[in-house]
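Heads up, the thing below is written out as C-alpha cells.
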Amino acid sequence: MARKRFIIPGVDTKLLVRDAAKVMPDLTRRRFITGGASLGALTLLTGCDVVDSSSAEEMLKQVSKFNDAVQGWMFNPNALAPTYPESMITKPFPFNAYYGLDEAPEIDGKTWKLEVRGLVDNKKSWRLDELYALPQVKQVTRHICVEGWSAIGSWTGTPLRDFLKLIGADTKAKYVWFQCADKDGYNSPLDMMTALHPQTQMTFKFADDILPRAYGFPMKIRVPTKLGFKNPKYVISMEVTNDYKGGFWEDMGYNSFSGS
Amino acid sequence: MSSLTASNEHATSAKAATIQPAWVRILHWTNAFAMVLMIMSGWRIYNASPLFDFTFSNAITIGGWLGGALLWHFAAMWILMVNGLIYLALGLATGRFRRKLLPITASGVIDDTRAALTGKLSHDDLTRYNHVQKLLYAGVIVIGVLVVLSGLAIWKPVQLQWLTALFGGYPIARYVHFFCMAAIVAFMVVHVALALIVPKSLRAMITGR
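Protein chains in written order, with the numbering used here: chain A, 1200 to 1459; chain B, 2 to 210.
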C-alpha cells in the first residue's frame, strides 16, 4: 500500500503539496461544486444547459443533508469496525493533509493543554501527563480516506466516551466539536452517536509509540467508523454543543456525516 | 380457460406494434441519465486516488473537484438504485426477463456471433432478441447489480461489513467497483454503436414502435 503518492516522513513533500492541491477546490470560486468543467461536460453531453449551477449546487447540498440522515439511521452504535492482526499494519503509514509535513503543527507537549468547553460539568483544561494517566486501549483498524485509499494502523488511547463521562458531558447534546492546531484552523464536528461509539478514541500513541508529529501529536481523535478527514489531528479543544458549527472540509462540500 | 386464451391472443395482436412498452422506455432513459452521472462523477473520484497508472481527463468528469464529484455520485446513486429496483421488480413480475432474455444457449450465442460478424444477422423482428443480445442484456443487468453492491460495500465498510467481506474486503471491493464500471462503459460503447447502426431500434426505445 505504500505508494509514491503517500508522503511519509523523510519522503518527497513536493508530491504531497501537489496532490493536496489536486483534491482542493478552487477557493477563489464560490460555486465549487458545479464549476465550469463539470457543467461544460454535462452541457456537451446533453446538448443543452440542463442545470443552472446555483440551483444544482443547492439541490446537491439538500441531498447531502438527506444522506446525513440516512447514514445516521444506518449507524449501529454496537457495530464495531473490523480489527486486524498487527502483521497487517500498513508500513509506512501514510501522512496526508492539505499541507506538507514541514508545515504540520509543531506542538510542545509540556505547554499544550486540551481545552474543554460547552455542555460539560467540568470545564478544566487537561495537561498531557494528566491525559496519559487515563486508562488506554489499543486497536488495529482500517483508516479509509475520502480519496479512496486505505491503510491499516495501530492506535492507542482513551475511549472518548469514557472521557466524556469523566468530564460530565451532556451526552444528549448533538455534537462534539473539535478544533485543531493545523494551519488555517482545522475543525470538525462529530455527532454524539459516533462520539459515544466504543471504538472512538482520544489517541496518544501510534504503533505503541508516542504519536509522532506526522500523525497528530499530541492528540488525535481516531474514529474508525468515519472517513479519515473526520479523524482530527493536533486537537487543541473539544466543545460539547447542540449547534452545528461546521468543519474545515464539511464547509467545502464533503458530506458531514461521512460514516463508514 | 378458452376465453382467457382468446383474450390473451387478442391482447398480444393488439399490442404487436408496441416493441418497447412505456415503463421500459421511461426506466431505460432514467437509467441512462443516472448511469452517465455516476460514471462521470466516479471518474473524478477515481482520479483522487487512482488504482492504476492512469487518470481520466478532468474534461470528461463532473463535479469540478473531489468533493463536488462525491456530491453528484451520492445524489445520482438514489436515482440509479430506485430506478434499478423498479426495473428488476417489473422485469420479474411481468415475465419480461424470462420472455425476452431466456433461454441463452452457448450454441445460440456462437451461431449468432458468427452471423453478426458475417453480416447475416437479421434485425427484422425487433421484438425478439438474438442470443448475443440476450447475453449482453442479461449480463449488463448482473453487472449493474454488482456495481451497486460493490459501491455500497465501499461506502459502508463498517455498517455493511458483511457485504464488504463478501467482496473480499475494502481494497478489493474498489477494484470490483472499477471493473464493473469498465464493463458497463464497454457495453455502452457497443450498445450505442449498434443502436445507431440499426436506427429503428433507437426509435423503438423512444416512441415505443
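Glycine included, each C-beta is placed from N, C-alpha and C at the ideal position.
### Met-1401 of chain A: first and last residue of the uninterrupted alpha helix (DSSP H) it sits in
Looking at the DSSP string, Met-1401 of chain A is not in any alpha helix (DSSP H); the run it does join, the beta strand (DSSP E), is 1400-1405.
### Query
Looking only at C-alpha atoms, which of B:Asp-113, B:Leu-127 and B:Thr-128 sits nearest to Lys-121 of chain B?
Per the Cα distances, B:Asp-113.
### Straight-line Cα distance separating Asp-1407 of chain A from Lys-1323 of chain A
Taken atom to atom, the span from the alpha-carbon of Lys-1323 of chain A to that of Asp-1407 of chain A is near 28 Å.
### Task
Have a look at B:Gly-209, B:Ala-70, B:Arg-115 and B:Ile-61 and flag the residue whose alpha-carbon is nearest the alpha-carbon of Ser-42 of chain B.
For the residues B:Gly-209, B:Ala-70, B:Arg-115 and B:Ile-61, the minimum Cα distance to Ser-42 of chain B belongs to B:Ala-70.
### Query
Looking at the unbroken beta strand (DSSP E) that takes in Glu-1438 of chain A, where does it start and where does it end?
Taken as a continuous stretch (DSSP letters only), the beta strand (DSSP E) holding Glu-1438 of chain A covers 1434-1440.
### Query
What first and last residue would you give for the beta strand (DSSP E) that runs through Lys-1425 of chain A?
Run containing Lys-1425 of chain A: none; DSSP gives neither H nor E here.
### Query
Could you give the distance in angstroms between the alpha-carbon of Thr-1357 of chain A and the alpha-carbon of Arg-26 of chain B?
Per the coordinates, the alpha-carbon of Thr-1357 of chain A lies some 57 Å from the alpha-carbon of Arg-26 of chain B.
### Message
Below 8 Å, how does it come out for the stretch 48-68 of chain B and the stretch 96-108 of chain B: are there three or more Cβ pairs, yes or no?
### Response
Contact between the stretch 48-68 of chain B and the stretch 96-108 of chain B is absent, because fewer than three Cβ pairs lie under 8 Å.
### Task
Between the Cα of His-132 of chain B and those of B:Val-146, B:His-74 and B:Arg-115, spot the shortest distance and give me the residue it belongs to.
That would be B:Arg-115, whose Cα lies nearest to the Cα of His-132 of chain B.
### Contact set between the stretch 26-48 of chain B and chain A, restricted to residues whose Cβ is under 7 Å from the partner
Listed in sequence order: Val-37, Met-41 and Ile-46.
### Query
At a Cβ cut of 7 Å, what residues of the stretch 51-70 of chain B count as close to chain A, listed as they run along the chain?
Under the 7 Å Cβ criterion, the stretch 51-70 of chain B contributes Asn-59, Ala-60, Ile-61, Thr-62, Ile-63, Gly-64, Gly-65, Trp-66, Leu-67, Gly-68 and Gly-69.
### Runs of beta strand (DSSP E) wholly within the stretch 1280-1331 of chain A (minimum 3 residues, chain order)
Listed in chain order, the beta strand (DSSP E) runs fully inside the stretch 1280-1331 of chain A are 1312-1317, counting runs of at least 3 residues.
### Query
What separation, rounded to the nearest whole angstrom, lies between the Cα atoms of Met-189 of chain B and Met-182 of chain B?
Between Met-189 of chain B and Met-182 of chain B, the C-alpha separation is close to 10 Å.
### Cross-chain neighbours of Lys-157 of chain B in chain A, by beta carbon under 9 Å
Residues of chain A passing the Cβ test: Gln-1270, Met-1273, Gly-1458 and Ser-1459.
### Query
Within the chosen definition, does the stretch 163-183 of chain B reach the stretch 132-152 of chain B through at least 3 CB pairs nearer than 8 Å?
As far as the Cβ criterion goes, the stretch 163-183 of chain B touches the stretch 132-152 of chain B, which means the pair count is three or higher.
### Task
With DSSP collapsed to three states, give me the class of Gly-1458 of chain A.
DSSP, reduced to helix, strand and coil, places Gly-1458 of chain A within a strand of the structure shown.
### Query
Run through DSSP, which three-state label would Ser-202 of chain B get?
If DSSP states are grouped into helix, strand and coil, Ser-202 of chain B belongs with the helices.
### Query
Thinking just about the alpha-carbon of each residue, which of A:Leu-1363, A:Trp-1448 and A:Gly-1308 is nearest to the one in Arg-1412 of chain A?
Ranking the options by Cα distance to Arg-1412 of chain A, first place goes to A:Gly-1308.
### Message
I want to know whether the stretch 1272-1288 of chain A touches the stretch 1330-1349 of chain A - three or more CB-CB distances under 8 Å.
### Response
Verdict: yes, contact present.
### Message
Does any residue of chain B have a CB that is nearer than 7 Å to the CB of Ala-1280 of chain A?
### Response
Closer than 7 Å: yes.
### Query
In chain A, which residues lie with their C-beta within 7 Å of the C-beta of Ala-76 of chain B?
Near Ala-76 of chain B (Cβ distances below 7 Å), the residues of chain A are Leu-1259 and Val-1262.
### Task
Under 7 Å Cβ to Cβ from Met-206 of chain B, same chain only, skipping five residues before and after it: list those, please.
Excluding sequence neighbours, Met-206 of chain B sits near Gln-21, Arg-26 and His-29.
### Query
How many Å lie between Ile-1232 of chain A and Val-1345 of chain A at the Cα?
Legend: pLDDT at Ile-1232 of chain A = 44, less than 50; position of this residue unreliable, no value from coordinates given.
#### Entry: Exposure of Gln-134 of chain B, with buried meaning 16 or more beta-carbon neighbours within 10 Å
The residue is buried, with at least 16 neighbouring Cβ atoms inside 10 Å.
### Query
Ends of the alpha helix (DSSP H) at Phe-98 of chain B?
Counted as a single uninterrupted DSSP element, the alpha helix (DSSP H) harbouring Phe-98 of chain B occupies residues 97-102.
### Task
Kindly indicate the opening and closing residues of the beta strand (DSSP E) around Phe-1377 of chain A.
Membership of Phe-1377 of chain A in the beta strand (DSSP E) is indicated by the continuous run 1374-1379.
### N- and C-terminal bounds of the beta strand (DSSP E) containing Gln-1338 of chain A
It spans 1336-1343 - the beta strand (DSSP E) in which Gln-1338 of chain A sits, taken as one unbroken run.
### Query
Do you know offhand how far Lys-1290 of chain A's Cα is from Thr-128 of chain B's?
Spanning the two alpha carbons is a distance of roughly 58 Å.
### Message
I need the straight-line Cα distance from Asn-1295 of chain A to Ala-1350 of chain A, nearest angstrom please.
### Response
Approximately 11 Å, taken between the alpha carbons.
### Query
Do Thr-1402 of chain A and Trp-1354 of chain A have their C-beta atoms within less than 7 Å of each other?
Result yes, Cβ atoms of Thr-1402 of chain A and Trp-1354 of chain A sit closer than 7 Å.
### Selected residue, minimal CA-CA separation from Leu-38 of chain B, among B:Trp-156, B:Phe-53 and B:Met-78
Here the closest residue by C-alpha is B:Met-78.
### Message
Using a 10 Å radius around the Cβ and a threshold of 16 neighbouring Cβ atoms, would you call Tyr-1443 of chain A buried or exposed?
### Response
Tyr-1443 of chain A should be labelled exposed.
### Query
Helix or strand or just coil, what does DSSP make of Gly-1356 of chain A?
Strand, per DSSP.
### Message
Going by DSSP in three states, Ile-1409 of chain A sits in which element: helix, strand or coil?
### Response
Three-state result, Ile-1409 of chain A: strand.
### Query
What is the rounded straight-line gap between the Cα of Asp-1312 of chain A and the Cα of Asn-1277 of chain A?
The sequence shown places Lys at residue 1312 of chain A, rather than the Asp named in the question. Distance between the alpha carbons of Lys-1312 of chain A and Asn-1277 of chain A is about 32 Å.
#### Entry: Reduced DSSP category for Asn-1275 of chain A - H, G, I as helix; E, B as strand; rest coil
If DSSP states are grouped into helix, strand and coil, Asn-1275 of chain A belongs with coil.
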